[in-house]
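**Q** Residues in the sequence shown are numbered consecutively from 1460, following this note's numbering. Just so it is clear, CB atoms sit at the ideal spot from N, CA and C, and this is done for glycine as well. One structure coming up, written as structure tokens, with questions to follow.
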Amino acid sequence: MNNIEKRNEPRINIQCEIFCKLQGSNKLYEALCLTLSSTGVSLVCQYPFEVDSVVEVSIIQETAMPMLDFLITVARCQALEDGGFDIGAIMRLPEESD
């Protein structure tokens, strides 16, 4: 681990289109996923998701593989000069059903 990168999990640069929506909502927002790790994700979106909000994320792959869906909790949301928002989030563990 170097002085700049303080995360325990390595991040993978993926630069792919994703779709996001607040949990329980039907409104989809297109975003660009920048990095992904086993514990978190960074993305750029035109919508400012609030810190601590739970967001459903779908990664649509260009191959025949199925779509990847997961939940995140927004940890930060910072405005960018171009009007978008830089969002960092924590991956949520799947909740066990009763």
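(1) Please list the segments of the beta strand (DSSP E) lying wholly inside the stretch 1465 to 1520, counting only runs of 3 or more residues, in order along the chain.
(2) Do you know how far the Cα of N1472 is from the Cα of L1550?
(3) Judging by CA-CA distance, which residue of A1534, L1539, R1470, D1545 is the nearest neighbour of V1510?
(4) Classify L1527 as helix, strand or coil using the three-state DSSP reduction.
(5) According to DSSP, which residues form a beta bridge with D1545?
**A** Working from what's here:
(1) 1471 to 1481, 1488 to 1495, 1499 to 1504, 1513 to 1518
(2) As a working note, residue 1550 is residue 91 in the sequence shown. As a working note, residue 1472 is residue 13 in the sequence shown. The residue asked about is misnamed: residue 1550 is Met in this sequence, not Leu. Straight-line Cα distance between these residues: approximately 16 Å.
(3) Residue mapping note: residue 1510 aligns to position 51 of the sequence shown, counting from 1. Residue A1534 is the option with its Cα nearest to V1510.
(4) Indexing the sequence shown from 1 puts residue 1527 at position 68. Here L1527 sits in strand by DSSP.
(5) Against the sequence shown, residue 1545 aligns to sequence position 86. According to DSSP, D1545 bridges with V1503, Q1537.
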